[in-house]
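Sequential numbering of the sequence shown, starting at 15, is according to the numbering used here. Ideal placement from N, C-alpha and C gives every residue a C-beta, glycine not left out.
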Amino acid sequence: MLPENKKIKALKDLQIGSGGLIAVTIYIIALSNFFQIIDNPIPAIILSQTLAKQGMLQLMLSSKPLWDGLAAEFMKGIKRRDYISYAFSISIALLLSLKYPEALLSLVVYFVLVYVFRYYVIKKYGGINGDMLGALNCLIFAGVLGVWCLQ
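Below is the structure:
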């Protein structure tokens, strides 16, 4: 386990390492395969992007920033009233579930990813930054699309 200052320094490093390159490559290949498997990608994309953005908002609402970066600036403007956006996201999922049962499983995957990711970053770092928000966005997007491949 890295000491606190080394963890933060590693987060602020702008160079991509071999691990990052491999992760991005796997992500692109997975998305490419998902889009080939999904019969009707439009509802899947709508729901996955809606839930991905909702996940970022959820993480910002329930966490504190690691430092004064871009994520911290966004978090200053967020209020508890922004939870109302859940009604919008869940409405989209419920409407889509009338025709596509995968939408309900997508909601389950969304909640699991958000809470596991939040638990991990809070335990390891004590807060979030913009990179963590972006990572969660990608995880939810790929996770929900993966659910739609199970049909």
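Among the residues of its own chain, which have a CB less than 7 Å from the CB of Ser99, if the five just before and after it don't count? Sequence index remark: in the sequence shown, residue 99 carries index 85 (1-based). Closer than 7 Å at Cβ, skipping near neighbours: Gln68, Leu71.
Tell me the DSSP bridge mates of Pro79? Start at 1 with the first residue of the sequence shown, and residue 79 comes out as number 65. Bridge partners of Pro79: Ile142.
Buried or exposed for Leu73, going by 16 or more other Cβ atoms inside 10 Å? Counted from its first residue, the sequence shown places residue 73 at position 59. Per the 10 Å Cβ criterion, buried.
For the candidate residues Ile52, Asn151, Leu35, Asn47, whose alpha-carbon lies nearest to that of Gln63? Looking up residue 63 in the sequence shown gives position 49. Taking only the C-alpha atoms, the option nearest Gln63 is Asn151.
Check whether the segment 41-49 and the segment 151-160 touch, using three or more Cβ-Cβ pairs below 8 Å as the test. yes
Determine, using beta carbons only, whether Ala107 and Leu75 come nearer to each other than 8 Å. Along the sequence shown, one-based indexing puts residue 107 at 93. Along the sequence shown, one-based indexing puts residue 75 at 61. No, the pair does not count as a contact, with Cβ atoms beyond the cut-off.
Would Pro57 pass as a contact of Tyr114 if the rule is Cβ separation under 8 Å? Counted from its first residue, the sequence shown places residue 57 at position 43. Counted from its first residue, the sequence shown places residue 114 at position 100. Against a cut-off of 8 Å, the Cβ pair of Tyr114 and Pro57 comes out as a contact.
I'd like the list of long-range same chain contacts for Ile92, defined as Cβ closer than 8 Å, with 5 residues on each side in sequence excluded. One-based indexing of the sequence shown puts residue 92 at position 78. The residues are Leu71, Met74, Leu75.
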